[in-house]
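Have a look at the structure below, then the notes.
In the UniProt record's numbering, the protein residues as written are 1 to 392.
See below:
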C-alpha cells in the first residue's frame with residue numbers, strides 16, 4: 001500500500017493533529033498516530049478541551065481532587081488542560097528529539113479573553129510554560145495587534161510560540177517581524193536560539209467560508225466561478241512572503257546563531273463545504289518547511305486518497321494574485337474579509353473558553369456534592385462549545 005502520509009512528510013509538510021483528549025492519551029491513540037501515521041505535533045484549543053472533558057470519565061478523579069481542594073474554576077481549567085498537554089509532550093518527545101527540536105511540539109493556548117492585552121498575555125504565557133515544564137511545548141498567542149508585542153516579549157524570554165488566528169497577508173508579515181525581533185532579543189538575553197521554536201498558524205478554510213458567502217450574495221457568474229479559490233490563494237501568497245523573509249540577511253544572522261525558522265502552519269484545514277474535496281487544503285498547500293494541522297478524519301482521508309505532488313505552492317504565486325484581482329473586480333473587499341474573520345475568531349474562542357469554564361464549574365459542583373460522574377455536568381456545554389469555536 002502507498003504510504004501517502006509518508007510521501008507528504010517527505011515533501012516537507014509536517015503532519016500535526018488538531019485534537020487532544022485524555023482518552024486519546026490513556027488509550028495510546030496519540031502514540032499510535034505518532035508511530036503509524038507520521039503525526040509529528042499536536043494543537044489544541046478551548047473547544048477541543050471542552051469536548052474532551054465532556055466525553056470521558058478519565059477526568060473524574062482529578063475533578064474530585066480539585067473539588068476537594070476547593071480550587072476556583074480558573075485554576076481547575078489550568079490543572080486539567082496542562083495535565084493533558086504535559087502528557088502529550090511526553091508522548092511526542094521522540095519526535096522532538098529525532099527532529100532536533102523542530103517537531104514533536106504540543107500547543108496550549110493563552111486565555112483568549114486576553115487577546116487585546118499584551119502584558120497579561122505575556123504573564124500567562126510564562127505561567128503556562130512553567131506549569132507544563134516541557135521543552136517541546138508551544139504557547140499559542142493570537143495574532144491580534146496587542147498579540148504582536150506579546151509574541152516578541154514571550155520569545156525574548158526563551159519561550160516557544162505558536163502564533164494563532166492569522167488570516168491576512170499584512171498581519172502575517174507583522175507576525176514574522178515580531179518573531180525576528182523576539183529572537184534578536186532572546187539572543188541579547190543570552191538564550192540558546194536552537195531551543196526556541198515557533199510556527200505561524202495561517203487559517204485556511206474559514207477564508208473560503210467567508211468569501212464564498214459574499215460571492216454567493218453577489219450572485220453573478222464571474223463571482224460564483226471564484227468560489228473555493230480565495231483560501232488557497234491567500235495561503236500561497238503567505239508562503240511567498242515567508243520565503244522572502246527567511247532568505248534575508250537579517251534571518252541569516254539568526255540562523256547562524258542556531259535559530260530555526262518560524263514555519264507556516266496551515267490551520268483550519270477541514271473542508272467546511274461538502275462540495276469541495278475533503279483533502280483540498282492539504283493537497284494544494286504542499287511546500288518544504290510547512291506544517292499542516294488536521295483533525296483526525298482529515299489525516300485518515302489523506303492516508304486513504306490524498307495525492308502528494310511536489311510543491312503545489314511556489315509555482316502558483318501569479319495565479320494566486322490573479323484570484324485576488326478577480327475577487328476585487330467582482331466586489332469582494334479582502335481587507336474587510338480579514339478584519340471580519342479576526343474579530344469573529346477572537347469572539348468564537350472567547351465563547352469556547354467561557355463554555356469550557358462553565359462546564360468545569362458544573363463538574364466541580366457535581367463532584368463536590370458527590371452526585372454521579374463529575375463530567376456528566378459538562379456534557380450540556382460541549383455541543384455549544386463546538387458550535388461557538390470549532391477546531392483550529
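Think of the CB as a built atom: it goes at the ideal place given N, C-alpha and C, for glycine as much as any other residue.
Given a threshold of 16 other Cβ atoms within 10 Å of its Cβ, counted over all protein chains shown, does residue i qualify as buried or as exposed?
i: residue 271; result: buried
i: residue 176; result: buried
i: residue 294; result: buried
i: residue 274; result: exposed
i: residue 129; result: buried
i: residue 92; result: buried
i: residue 184; result: buried
i: residue 252; result: exposed
i: residue 153; result: buried
i: residue 108; result: buried
i: residue 235; result: buried
i: residue 297; result: exposed
i: residue 248; result: exposed
i: residue 229; result: buried
i: residue 82; result: buried
i: residue 218; result: exposed
Rank the options by C-alpha distance to the C-alpha of residue i and give the top, closest one.
i: residue 269; options: 17, 6, 4; result: 17
i: residue 43; options: 61, 21, 62, 54; result: 21
i: residue 61; options: 76, 49, 51, 50; result: 76
i: residue 194; options: 106, 118, 233, 97; result: 97
i: residue 116; options: 67, 147, 211; result: 147
i: residue 197; options: 353, 320, 151, 189; result: 151
i: residue 27; options: 88, 47, 81; result: 88
i: residue 306; options: 278, 143, 205, 141; result: 278
i: residue 41; options: 299, 74, 350; result: 299
i: residue 316; options: 37, 337, 281, 239; result: 239
i: residue 211; options: 360, 332, 45; result: 332
i: residue 362; options: 339, 73, 102, 65; result: 73
i: residue 135; options: 217, 105, 120; result: 105
i: residue 338; options: 37, 171, 101; result: 171
i: residue 166; options: 355, 343, 359, 351; result: 343
i: residue 99; options: 163, 174, 9, 140; result: 9
i: residue 291; options: 204, 192, 118; result: 204
Under a three-way DSSP split, which group does residue i fall into?
i: residue 284; result: coil
i: residue 32; result: helix
i: residue 109; result: strand
i: residue 166; result: strand
i: residue 384; result: Residue confidence for residue 384 is low, a pLDDT of 47 falling below 50, so the modelled location carries little weight and cannot support an answer.
i: residue 340; result: helix
i: residue 100; result: coil
i: residue 198; result: strand
i: residue 335; result: helix
i: residue 143; result: coil
i: residue 18; result: strand
i: residue 231; result: helix
i: residue 10; result: helix
Closer than 7 Å by C-beta to residue i: which residues in its own chain qualify, once you throw out the five before and the five after it? Chain order, please.
i: residue 289; result: 12, 261, 263
i: residue 114; result: 120, 121, 124
i: residue 111; result: 124, 353
i: residue 324; result: 233, 334
Please state whether the Cβ-Cβ distance between residue i and residue j is less than 9 Å.
i: residue 309; j: residue 283; result: yes
i: residue 231; j: residue 199; result: no
i: residue 285; j: residue 313; result: yes
i: residue 50; j: residue 23; result: no
i: residue 149; j: residue 178; result: yes
i: residue 364; j: residue 71; result: yes
i: residue 233; j: residue 321; result: yes
i: residue 345; j: residue 142; result: yes
i: residue 201; j: residue 287; result: no
i: residue 68; j: residue 368; result: yes
i: residue 213; j: residue 257; result: no
i: residue 160; j: residue 131; result: no
Closer than 6 Å by C-beta to residue i: which residues in its own chain qualify, once you throw out the five before and the five after it? Chain order, please.
i: residue 223; result: 215, 330
i: residue 39; result: 15, 17, 33
i: residue 246; result: 261
i: residue 303; result: 4, 5
i: residue 30; result: 24, 91
i: residue 164; result: 140, 142, 201
Leaving out five residues before and five after residue i in sequence, what residues of the same chain have Cβ atoms less than 8 Å from its Cβ?
i: residue 220; result: 330
i: residue 189; result: 156, 157, 158
i: residue 46; result: 109, 112, 349, 352, 353, 355, 356, 385, 389
i: residue 250; result: 180
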